[in-house]
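Asks:
2 protein chains.
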Amino acid sequence: MEYHISERLSALKPSAIREIFKATADPSIIPFAAGNPAPESFPVDVVRTFSAEILQNDPITALQYGITEGYPTLRSLLRERMKNIFHCGNKEDELVVVSGAQQGAELAAKALCDEGDTVLCEDPSFIGVLNAFRSLRLRIKGIPVEDDGLDLHALEKALQTENRVRMLYIIPNFQNPTGITTSTEKRKAIYALARKYNIIILEDNPYGELRFSGSNLPHIKSFDEDGRVVYLGSFSKILSAGLRVGYVLGPSIIVQKMVVAKQGEDVHTAMLPQMIATRFLQWDGFPAHLEKIRALYRQKCGKMIAGIQEFFDPRILHTNPDGGLFLWCTLPKGVDMLAYCRTAIDKGVAVVPGSAFAADPVASSQSFRLTFASPSEKQIHEGLSILGSISLS
Amino acid sequence: MEYHISERLSALKPSAIREIFKATADPSIIPFAAGNPAPESFPVDVVRTFSAEILQNDPITALQYGITEGYPTLRSLLRERMKNIFHCGNKEDELVVVSGAQQGAELAAKALCDEGDTVLCEDPSFIGVLNAFRSLRLRIKGIPVEDDGLDLHALEKALQTENRVRMLYIIPNFQNPTGITTSTEKRKAIYALARKYNIIILEDNPYGELRFSGSNLPHIKSFDEDGRVVYLGSFSKILSAGLRVGYVLGPSIIVQKMVVAKQGEDVHTAMLPQMIATRFLQWDGFPAHLEKIRALYRQKCGKMIAGIQEFFDPRILHTNPDGGLFLWCTLPKGVDMLAYCRTAIDKGVAVVPGSAFAADPVASSQSFRLTFASPSEKQIHEGLSILGSISLS
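Chains A and B, in that order, give the protein sequences. Sequential numbering from 1 applies to the first sequence in this note's numbering. Sequential numbering from 1 applies to the second sequence in this note's numbering.
1) Determine the closest residue to Met304 of chain A out of A:Glu382, A:Val230, A:Val335 and A:Pro251, with distance taken between C-alpha atoms.
2) Comparing alpha-carbon positions, which option in B:Leu9, B:Ser28 and B:Ser10 lies nearest Gly375 of chain B?
3) At the level of alpha carbons, what is the spacing between Val47 of chain A and Gln282 of chain B?
4) Mind checking Val229 of chain A: buried by the 16 CB within 10 Å criterion, or exposed?
5) Alpha carbon to alpha carbon, how far is Met258 of chain A from Ala344 of chain A? Give it in angstroms, no decimals.
6) Given a cut-off of 9 angstroms, decide if Ser234 of chain B and Ala358 of chain B are closer than it, judged by their beta-carbon atoms.
7) By how many angstroms is the C-alpha of Ala105 of chain B removed from the C-alpha of Leu202 of chain B?
8) Relative to the alpha-carbon of Ser391 of chain B, which residue among B:Phe326, B:Leu112, B:Ile180 and B:Ile316 has its alpha-carbon at the smallest distance?
9) So, does the CB of Tyr3 of chain A fall closer than 9 angstroms to a CB anywhere in chain B?
10) Using C-beta distances below 7 angstroms, list every residue in its chain close to Val351 of chain A, excluding the 5 sequence neighbours before and after it, in chain order.
11) Three or more C-beta pairs under 8 angstroms: does that hold for the segment 164–183 of chain A against the segment 192–207 of chain A?
12) So Asp346 of chain A is in the alpha helix (DSSP H); what residue range does that whole segment cover?
13) Which residues does DSSP list as the beta-bridge partners of Glu94 of chain B?
14) Does the pairing of the segment 178–190 of chain A with the segment 317–336 of chain A give three or more beta-carbon distances under 8 angstroms?
15) If contact means a Cβ-Cβ distance below 7 angstroms, which residues of the segment 76–103 of chain B contact chain A?
16) Bridge partners for Leu317 of chain B per DSSP, in chain order?
17) Please list, in chain order, all residues of the same chain as Leu398 of chain B whose beta carbon is under 8 angstroms from its beta carbon, the five residues on each side excluded.
18) Along the alpha helix (DSSP H) that carries Asp58 of chain A, what are the first and last residues, could you check?
19) Go ahead and pull the three-state DSSP assignment for Thr118 of chain B.
20) For Leu74 of chain A, is the classification buried or exposed, using 16 other Cβ atoms within 10 angstroms of its Cβ as the cut-off for buried?
21) So who's on the other strand from Pro144 of chain B, going by DSSP bridges?
22) With three or more beta-carbon pairs closer than 8 angstroms as the criterion, would you say the segment 78–97 of chain A touches the segment 110–121 of chain A?
23) To which residues of the same chain is Arg8 of chain A closer than 6 angstroms at the C-beta, ignoring the five residues directly before and after it?
24) Find the residues of chain A that neighbour Glu53 of chain B, judging by a C-beta separation of less than 7 angstroms, and give them in chain order.
25) Quick check: Asp204 of chain B and Leu232 of chain B, are their CB atoms within less than 9 angstroms of each other?
26) Residues of chain A with a CB under 9 angstroms from the CB of Glu106 of chain B: which are they?
27) Note down, in chain order, each residue of its chain lying with its Cβ closer than 6 angstroms to the Cβ of Gln379 of chain A, except the 5 sequence neighbours on either side.
28) Spatial neighbours of Val255 of chain B within its chain, please: C-beta separation below 7 angstroms, excluding the five flanking residues on both sides.
29) So, is Val245 of chain B buried or exposed, given that buried needs 16 or more other C-beta atoms within 10 angstroms?
30) Excluding five sequence neighbours on each side, which residues of the same chain lie with their C-beta closer than 6 angstroms to the C-beta of Pro321 of chain A?
31) Could you name the residues of the same chain whose beta carbon sits closer than 6 angstroms to that of His268 of chain B, not counting the 5 residues immediately before and after it, in chain order?
32) Figure out for me which residue from A:Ser389, A:Phe133, A:His87 and A:Pro124 has the closest Cα to the Cα of Ala108 of chain A.
33) Distance, Cα to Cα, Gly70 of chain A vs Asp114 of chain A?
34) Distance, Cα to Cα, Glu2 of chain A vs Ile220 of chain B?
35) Enumerate in chain order the residues of its own chain whose CB-to-CB distance from Pro206 of chain A is below 7 angstroms, with the five nearest sequence positions on each side excluded.
36) Applying the 10 Å Cβ sphere with the 16-neighbour rule, what's the burial state of Ile276 of chain B?
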């Protein structure tokens, strides 16, 4: 039969990254494309111990329905950590658990934006969240990114000229896909602009704990005197991506609406994963574990940059991330980026075409995203040597 | 600051059941209100064993991102089970895993309905899914329920007179909240009407495995020659509600759109819960476990009906479910149902006012929902004795 597909989904294609991820299930392909954290970053032994203890000591809580807001102990621990370490959250704020930070972004947009409202974002930005906005029929307006974050002039111009701007979506640390970090000055300026033009900032920080170079910068949420920042945190890159545990810290009025929206989606985040995340935060090895994964990514990113310098035509530009999982390469003008990416796949190396991350899906791009997280060091060397052999002419 | 809350959520209140559930966290309240499965129904020991084995043998799969469609082994097992035991699913159909059947209902509506489209449902029906529809700004038109399921005349009339009807949402087995089962004749007639008026049937079957009396009836999906039935299954009532694992079996074209929508929500269902569900299906004790929980609910439901007959004024009508978790009581005309429910809470017994389940949230109701799943047998006896003591005049 013929199906009526909703307008909100009929134009939306499956995420290019998720599709490439499926293609890279082939273990012979060098995985520079996926957004996966390094498998060796998962604290497998302690998760096994935590899980066994939870199912021994408190199995019914792990297997029974929980409240939508999340496991109370986890909420308090995260709330304290956000306050004590990151100086975020006041008495007007509430912290709730979500099934990954992506769900937090979707719920925030669902609570705050009507169809046709505009969301500003870095351009390029994370395709998963952009698609969530598209599925809510929001307009997305991309703002160019400079080496230290958003182009502030372009941001202010958009705030002045775009219709019904409700929200700015931003990944200030080691941004996906570029690896770029927003400077402290720009964080302050962005908050001031949000205040001037009365919009909400949706601050997505999945990679913030993965800084392997330089010093931590303040979260935009830490400047939030008005209650206009909704902060998204995640366990995906420090504990496990497959457990699907993230959290939202934002003004209670907004967060409570997000909870209502979450009741209509997955009711609550799975309890056993939430309880494992709780034990992980309580674990006395937690700080050392974070240091260990930072060292891992420092090493792998260093190998990737060394390989780029060794193998790539110097006309290919690349970012130098201080953390996270990704770096961003830009081909010289005149080179056909999509053809380059197709050749790479044919030669056994998967990279993500930059156009996948564009705010405007039909905009042209000269860039592609590389991850150093998933490949082994040997694969990094080999993959870059293959990419370096692709002719640019 | 003042917040702009989206139109889709500004009218939506937190689910009355979720709120009552929070209230009943007080262990001194007798829990006739919650929708929780019986804690003694969870196969705690095997979950502990499965979890340990998964985290020993395949920890990276359990902790890494998975594909949105779900864990492949789980998908194949469910697909085979649906085919072999329930005669559901053909080559045009696809089965994917979701984070609970509730998410499946939300994704189906998101994929198939635009704002302002009409969904028909049993009246009363499951508030969680009704609220999911409301959050998508769908019109909900309730169809009265008789002892053997939907009033077919009212259904056909609604199909003739309501605007833009896309879908019928139905829980054919031991319906929530009434406990009523749709007869085989009515299942066939409903499918024929869906065909005649070209709508989709969303068949939600969370309680189907919990039949403790009578014989299994065919799923509406088993009649589906056209590809117009989207079937929702769940592990919440046979394995664990807190693991949040459900599934959807429906026409590929629809299911693939639901997958795109899921990418924008929680990306994929948590892997460790999916892998535990997989082992649960493979477990040779699975059929005996199902028999065990059916016996448990048979016993508890029997106690509840005996208690009603012992303590209740005979003018209070009640359903006699053949399975599931709930039964439905109706007070005589003239009794103030909400006052009755408030008195019950004051006396330490939580029940859910029937109005919570009404398709039209301002419609009046004389009914309330009782569950026999959560309370112990002692609590069932005690709680019904308390309810019986409430004056109806």
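Note that CB positions come from ideal geometry on N, CA and C, so glycine has one too.
Replies: Reading off the structure:
1) Residue 304 of chain A sits at position 304 when you count from the first residue of the first sequence. Among A:Glu382, A:Val230, A:Val335 and A:Pro251, the Cα nearest to that of Met304 of chain A is on A:Glu382.
2) Numbered from 1 along the second sequence, position 375 holds the residue referred to as residue 375 of chain B. Checking the sequence, you will find Pro at residue 375 of chain B rather than Gly. Answer by Cα proximity: B:Ser28.
3) Residue mapping note: residue 47 of chain A aligns to position 47 of the first sequence, counting from 1. Residue mapping note: residue 282 of chain B aligns to position 282 of the second sequence, counting from 1. Spanning the alpha carbons of Val47 of chain A and Gln282 of chain B requires a straight line of approximately 24 angstroms.
4) Within the first sequence, the letter at position 229 stands for residue 229 of chain A. With 16 or more neighbouring CB atoms inside 10 Å of its own CB, Val229 of chain A falls in the buried class.
5) Along the first sequence, one-based indexing puts residue 344 of chain A at 344. Along the first sequence, one-based indexing puts residue 258 of chain A at 258. When rounded, the distance between both Cα atoms is 41 angstroms.
6) The sequence position of residue 358 of chain B within the second sequence is 358, counting from 1. The sequence position of residue 234 of chain B within the second sequence is 234, counting from 1. Cβ distance not < 9 angstroms, so Ala358 of chain B and Ser234 of chain B don't count as in contact.
7) As a position in the second sequence, residue 202 of chain B is number 202, starting the count at 1. As a position in the second sequence, residue 105 of chain B is number 105, starting the count at 1. So the two alpha carbons sit approximately 7 angstroms from each other.
8) Here residue 391 of chain B corresponds to residue number 391 of the second sequence, with the count starting at 1. It is B:Ile316 whose Cα lies nearest to the Cα of Ser391 of chain B.
9) Locating residue 3 of chain A in the first sequence gives position 3, where the first residue counts as 1. Yes, Tyr3 of chain A lies at the interface with chain B (some Cβ there is under 9 angstroms from its Cβ).
10) For this step, residue 351 of chain A is matched to residue 351 along the first sequence. Taken in chain order, the residues that qualify are Phe32, Ala33, Cys341, Ala344, Phe368, Arg369 and Leu370.
11) As far as the Cβ criterion goes, the segment 164–183 of chain A touches the segment 192–207 of chain A, which means the pair count is three or higher.
12) By one-based count along the first sequence, residue 346 of chain A stands at place 346. Residues Met337 to Asp346.
13) Position 94 of the second sequence holds residue 94 of chain B. Glu94 of chain B is bridged to B:Gly250.
14) With the cut-off at 8 angstroms, the segment 178–190 of chain A and the segment 317–336 of chain A touch.
15) Of all residues in the segment 76–103 of chain B, Ser99, Gly100, Gln102 and Gln103 have a Cβ within less than 7 angstroms of some Cβ in chain A.
16) Translated into the one-based positions of the second sequence, residue 317 of chain B becomes position 317. In the DSSP output, where bridge partners are listed per residue, Leu317 of chain B has B:Thr330.
17) Given a span of 1 to 393 for chain B in the structure shown, any question on residue 398 of chain B remains unanswerable.
18) One-based indexing of the first sequence puts residue 58 of chain A at position 58. From DSSP, Asp58 of chain A is part of no alpha helix (DSSP H); its letter is neither H nor E.
19) Within the second sequence, the letter at position 118 stands for residue 118 of chain B. Residue state, collapsed to three classes: strand.
20) Here residue 74 of chain A is taken as the residue at index 74 of the first sequence, counted from 1. Leu74 of chain A is classed as buried because its beta carbon has at least 16 other beta carbons within 10 Å across all chains shown.
21) Within the second sequence, the letter at position 144 stands for residue 144 of chain B. Note: Pro144 of chain B sits in a beta bridge opposite B:Asp123.
22) The segment 78–97 of chain A and the segment 110–121 of chain A do not touch, with fewer than 3 CB-CB distances between them shorter than 8 angstroms.
23) On the first sequence, position 8 is the one that residue 8 of chain A refers to. So the qualifying residues of the chain are Ser135 and Arg137.
24) Translated into positions along the second sequence, residue 53 of chain B becomes position 53. Ordered by position in chain A, no residue passes the 7 angstroms Cβ test against Glu53 of chain B, which lies about 10 angstroms from the chain.
25) Counting from one through the second sequence, the residue named residue 204 of chain B turns up at place 204. Counting from one through the second sequence, the residue named residue 232 of chain B turns up at place 232. Going by beta carbons, Asp204 of chain B and Leu232 of chain B fall inside the 9 angstroms limit.
26) What you label residue 106 of chain B is simply residue 106 of the second sequence in a count that begins at 1. Chain A residues near Glu106 of chain B: Gly264, Glu265 and Asp266.
27) For this step, residue 379 of chain A is matched to residue 379 along the first sequence. Excluding sequence positions up to five before and after Gln379 of chain A, its CB lies within less than 6 angstroms of the CB of Ile30, all in the same chain and listed in chain order.
28) The residue labelled residue 255 of chain B in the question sits at position 255 within the second sequence. Annotation for Val255 of chain B: Glu94, Val96 and Val248 place their beta carbon closer than 7 angstroms to its own, counting only its chain and skipping 5 residues before and after.
29) As a first step, residue 245 of chain B is located in the second sequence; it is residue number 245 there, counting from the start. Counting every other CB atom within 10 Å of its CB across the protein chains shown gives Val245 of chain B a total of 16 or more, marking it as buried.
30) Looking up residue 321 of chain A in the first sequence gives position 321. Here the set comprises Phe174, Gly179 and Leu327.
31) In the second sequence, residue 268 of chain B corresponds to position 268, counting from 1. In chain order, Gly66 and Thr68 place their CB closer than 6 angstroms to the CB of His268 of chain B, counting only its own chain and leaving out the 5 sequence neighbours on each side.
32) Along the first sequence, one-based indexing puts residue 108 of chain A at 108. Comparing Cα positions, the closest option is A:Phe133.
33) One-based indexing of the first sequence puts residue 70 of chain A at position 70. One-based indexing of the first sequence puts residue 114 of chain A at position 114. Their backbone Cα atoms lie some 26 angstroms apart in a straight line.
34) Looking up residue 2 of chain A in the first sequence gives position 2. Looking up residue 220 of chain B in the second sequence gives position 220. Each residue's Cα considered, the two are about 20 angstroms apart.
35) To locate residue 206 of chain A, count along the first sequence from 1; it is residue 206. For Pro206 of chain A, where only same-chain residues beyond five positions count, the Cβ hits under 7 angstroms are Ala101, Ser234, Ser236 and Lys237.
36) As a working note, residue 276 of chain B is residue 276 in the second sequence. Buried: at least 16 other Cβ atoms inside 10 Å.
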